[in-house]
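Reviewing the structure listed below.
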Amino acid sequence: MQPLHLLEKKVLKTLEKIGEADIEGLSRASNLTLDQVRRAVEWLQAKGLIKVNTSQKTTITLGSKGLEALKEGLPERRLLRSLKEGLRTLNQLKSRFSDEQEFNAALGRAKRRGWIKIVDDCVELVNEPGRLPEEEVLERLSQVNILDEEELTKDTILYSGLKELLNRPDYLSRRVVKTTQITLTDLGRAASEKVSEEEEIDTLTPEIIVSGIWRQKRIRAIDVEAPAPPIYAGRKHPVQLFIDEVREIFVSMGFEEIEGPLIQPCFWNFDALFTPQDHPAREMQDTFYIKGEALNYADAESIKRVAATHRSGWKTGSRGWGYEWREEEARKLVLRTHTTSITIRYLADHRPKEARVFTIGRVFRNEKVTFKNLVEFHQIEGIAVGPRLTLRDLMGLLSTFYKRLGLEKVRFWPTYFPYTEPSMQSVVYYDRAGKWIELCGMGIFRPEVTLPFGVKNPVLAWGGGLERLVMMRYNIDDVRELYANRLSWLRGSPICP
Amino acid sequence: MDIEEKAEDYIKVEYNPNRPDFSTDYGIVRALKGLLGLEKGCPKYEVHRSDLVVQVDKSVEEVRPYIVSALIEGITLDDETIRQIIAMQEDLHHTIGRRRAKVSIGLHNFDVLKPPIIYTTETPEFRFVPLGGVEPLSMKEILDKTPVGQKYGWIVAKHPRYPILVDSLGQVLSFPPIINGELTRVTSATRNLFIDITATDLKAAEDALAILVTTLADAGGVIRSAEVRYPNLTLLTPNLSEMEMKVELRRVNRLLGLRLKGEEAVECLAKSRIDAEYDGKMLRAKIPRYRVDIMHPVDLVEEVVIGYGLDRLTPTLPPTKSVGRPHPELKRLSAIREVCVGLGLSEVMNLSLTSEAALYTNLGRQMQEAIKVEEPKSSEHEYLRDMLIPSLLLNLSTNIHEPYPQRLFELAKTFHRRGGEIVEEYHLGVITSHSEANYTEAKSLLDAITQQAFGLRCETKPASNPLFIQGRCAEVKGGTLAGIIGEIRPEVLQAFNLRMPAAALELNINQAIKLEAKQHK
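Protein sequence lines correspond, in order, to chains A and B.
If you read the first sequence in the numbering used here, its first letter stands for residue 51, the second for the next number, and so on.
If you read the second sequence in the numbering used here, its first letter stands for residue 24, the second for the next number, and so on.
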């Protein structure tokens, strides 16, 4: 049997004693408040231990006019009585009534029923009726105070008297009353017998523990199946969790993390990456510019070499873009459009012969926000530098990276990026969606990019958006949802989906 | 080139902007023939001499100095060919042409013209009937009233005279780079084409011409040259002579991780439609003129691997001696995150770019120090935030129907003007909101974070700030930490549609994570 609450036990025991009762009755008999009884009754009913019958009846009691009529007689009776006393004229008769309306009503009723005749101003008694049904009803009520309407309707005379009186204001008062009858079921009787009368401990308090009261009393069993109110764990943002995961993968593959500013001079975002100054990607409608200019953004020699590379290839073996490079374009400030501005700066600062570094960070594009595009998103990027690194090594590094993310099937094909050659695109097979999805782009940095900064060994590079991976992980179709910060998602999505 | 979509009777391909020669079927077929081995090596195109002369007037130097030209004879243009040629013209305008600013192309019905052709300038009042028009319009009217004029007019508008191309009778071929004349309209009846390419850069013009005439030759035309006479220079265009470039075979193999023999590499290049010879050390390549994307020997390396087939390369995992590690400062951020999460706070991530209302107006904050991006597509992403609490208030605002208490934190970069420079600093923002949220709770959180994340105890001194209730706001200081804490003003709550009280704190942790990072090194 389910454990019973203290209130339930009290109500059960009370019912056992008094047999049947309504809520008020139970409250009086058990010394519980009405509210406590109501709660207990609800629980007990749900458990099938009690039966609650509700019924409704209509009661009739005397109104103020009814009481008056009981003492003085009905107005029409009083009118007939006055006639018998010898009064004749309307004025004489009226003087016996305090309320003119009442007099008129009585006169009208007596005339309609043929008890009197009116000739000019004089009233004549024609015939005096016996006891009226209305008088019968009033008489009954004077004996019992309260009548059940249903009972009255069984007697046709009483019923017609009742109808008549109900039409007259304030004679009778008619009320609909709901009654509740609570009784024990067989199950309830059995349960009640098992309930011990002894008092139980409801809540274990420090006092009870210290005083040792708990040795004398039982601790009440509770409903362990009942629902409990929700609480929410403090959580990392799902995108951050994913960043942590990617970071761990890079580190496990021997990569060191680098980081850098979000605002970059065009030099590091574009020029150092051999993006010509009239390239469409550099226009304001694609890139966020910020007023101002960078000072001391690079050493003079590097700037000279980059300028020469753009113009005619410098000593890189390239034909160059064949235009006059302008430094004021390079000084302009942008919100970085890719994390490659960080990796190229690392290469320029460290001129490594061998290295593995990675970065994960925000990048910006001046785009319309849609379910596919955000103005601000994360990129992951890894580079490996070494004297003998090859395109096949790049494929191997990326395949390993994807495998660690749980993406087993990878395919590569040639593509174009302005600062890598050869360049490749990768797609991975995404089981849950049953399709191939385009992920990271990659390639070997062009000599036009690396040689001006004194980096002579091949630099393998790959990178791509982080959000697409997060969306795959969490089954999200609209990229905007990632940064809507809805608590229903932040609190509700499992950490290990 | 990627295959985008395969269907019964067509495939859809995507090509990259460095290959405008792929903008028609002809270019794609040319490349596929090589890869499938149907036709290998450099495609040969003959340029026949003609007596056509294009005279260049000195006055164009200021506005659009270069023109190159060609004749295409005996071509049959069905609607599909015209559609494809127009697609190529658009693609060239967009890529090499930099939206016509650098290069623009005109195609004309040659048979209505009386050579020589003259490239000169005219005043903005000069009138002719533009393509698609009936009445003559002045060049000024064309710039002001026609859609193409409005779109590209800026390229020439600042000059006193505009470029114009006329024949010996003064008939107008074109007003480059805006619009052609109606006279020379190309239709499916046109058999002989005159091509003009005007530009601010001669090499770019020649690149575009090479791509266009080789495609028209593939479509069945015969290429004839034009003699372009500049005041002190004469050019014979188009010049389709192949570009020579060499690359060491060892370099190819080292970069790809292959061991190709000389003749194998030559074969791979042939499949990529490049002629090459191997001299025992170097691959000497002859590259067709339309391959304007090849500018460095590494580009030849890619051509080798495309000819070889990228899918034949097996991935290898290179050995390494390097030891990985996370960035020390970012590692510190992770640790701070752990403390916040342990305190029951939910992490949120917001964009750095936000709106004027969310960052300033709704909060009654002054804008003097605001950092703004230029020409954003939406005013929702216009200002770089210098503070995180405004974003946290927005987050509460999107979650008013979620159960309370709501306790959020964010760790992110903020942007500040310092002595004429913009600096980026990491901030930590925390907000708590529920029916009993108050200053004391915020201070408890502050103490817990500063002590457990940084081992610091912070002082809170009375301060005033438009975000917070006067008398319930304090400046936070302790060691390298600095910040602000308080109960959010009801006016601010209302501006964000919030009905629950909220208390917040924000710390500049930039210095603190730097110091810690040094100690951990």
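Don't be surprised by glycine CBs; every beta carbon is placed ideally from N, CA and C.
Everything numeric in this text was worked out from a predicted model, so none of it was measured.
Around Ile272(A), the same chain offers Pro53 as residues with beta carbons nearer than 7 angstroms, after the five sequence neighbours per side are excluded. Taking the beta carbon of Cys291(B) as reference, no residue of chain A falls within 8 angstroms; the closest one sits roughly 12 angstroms away. Annotation: Tyr142(B) is outside any alpha helix (DSSP H); the continuous beta strand (DSSP E) that includes it extends over Ile140 to Glu145.
In this structure, Leu530(B) lies near His450(B), with their beta-carbon atoms less than 8 angstroms apart. For Phe153(A), the uninterrupted alpha helix (DSSP H) segment begins and ends at Glu150 to Arg162. Excluding its 5 nearest sequence neighbours in each direction, Pro437(A) has C-beta neighbours in its own chain below 6 angstroms: Asn507, listed in chain order. Contact of Thr387(A) with chain B is not assigned, every C-beta pair being separated by 8 angstroms or more. For the stretch 294-306 of chain A, the set of residues with a beta-carbon nearer than 8 angstroms to any beta-carbon of chain B comprises Asp294, Arg297, Phe300, Val301, Ser302, Met303, Gly304, Phe305 and Glu306, in chain order. Pairing Thr387(A) with Val413(A) gives a Cβ-Cβ distance under 8 angstroms.
Rounded to whole angstroms, the separation of the alpha carbons of Ser46(B) and Ala110(B) is 7 angstroms. Excluding five sequence positions before and after Ser378(B), the CB atoms of its chain that fall closer than 8 angstroms to its own CB belong to Ser402, Glu403, His404, Glu405 and Tyr406, given in chain order.
Here Ala344(A) is not near Leu312(A), since their CB atoms are 8 angstroms or more apart. Rounded to whole angstroms, the Cβ separation of Thr455(B) and Leu434(B) is 16 angstroms, and the two are not in contact under 8 angstroms. If you draw a straight line from the Cα of Ala460(B) to the Cα of Arg536(A), it is about 20 angstroms long. In the three-state DSSP reduction, Asn132(B) falls in the strand class (E or B).
Between Asn215(B) and Phe133(B), the gap from beta carbon to beta carbon is short of 8 angstroms. Separation of the CB atoms of Glu398(B) and Met334(A) is rounded to 5 angstroms, and the pair is thereby assigned contact status at 8 angstroms.
Within 8 angstroms of the CB of Asp25(B), the CB atoms of chain A belong to Trp463, Thr465 and Gln475, in sequence order along the chain. Within 10 angstroms of the beta-carbon of Trp364(A) lie 16 or more other beta-carbons, which makes it buried. Chain B places no beta carbon closer than 8 angstroms to that of Glu257(A), leaving this residue out of the contacts. Relative to Lys181(B), the option among Pro159(B), Val209(B) and Thr146(B) whose CA is nearest is Thr146(B). When the five nearest sequence neighbours on each side are left out, the beta carbons in the same chain lying within less than 7 angstroms of the beta carbon of Arg376(A) are those of Gln327, in order along the chain. Collapsing the DSSP output to three states places Ala331(A) in a helix. Those residues of the stretch 387-399 of chain B placed with their C-beta closer than 9 angstroms to a C-beta in chain A are Ile394, Lys395, Val396, Glu397, Glu398 and Pro399, ordered along the chain. Check the Cα spacing between Ile232(A) and each of Ala283(A), Lys485(A) and Arg88(A): the tightest is with Arg88(A). Among the CB atoms of chain A, none fall inside 8 angstroms of the CB of Pro200(B). Residues of the stretch 487-506 of chain B with a C-beta less than 8 angstroms from any C-beta of chain A: none at all.
Put simply, the backbone Cα of Leu59(B) is about 15 angstroms away from that of Val327(B).
The beta-carbon separation of Leu235(B) and Ser248(B), rounded to 14 angstroms, does not stay under the 8 angstroms limit for a contact.
Between the beta-carbon of Asn423(A) and that of Glu417(A) there is about 5 angstroms, and that keeps the pair under the 8 angstroms contact cut.
The residue among Leu84(A), Asp85(A) and Leu94(A) with its C-alpha nearest the C-alpha of Lys63(A) is Leu94(A). Contact of Tyr479(A) with chain B is not assigned, every C-beta pair being separated by 8 angstroms or more.
For Asn141(A), the enclosing alpha helix (DSSP H) covers residues Leu140 to Lys144. For the pair Arg395(A) and Trp318(A), the Cα-to-Cα distance works out to about 7 angstroms. Residue pairing of Thr257(B) in beta bridges, as defined by DSSP: Arg252(B). Within the same chain, Cβ atoms closer than 8 angstroms to the Cβ of Ile73(A) are found at Leu84, Val87, Arg88, Val91, Thr230 and Ile232, the five residues on either side in sequence being excluded.
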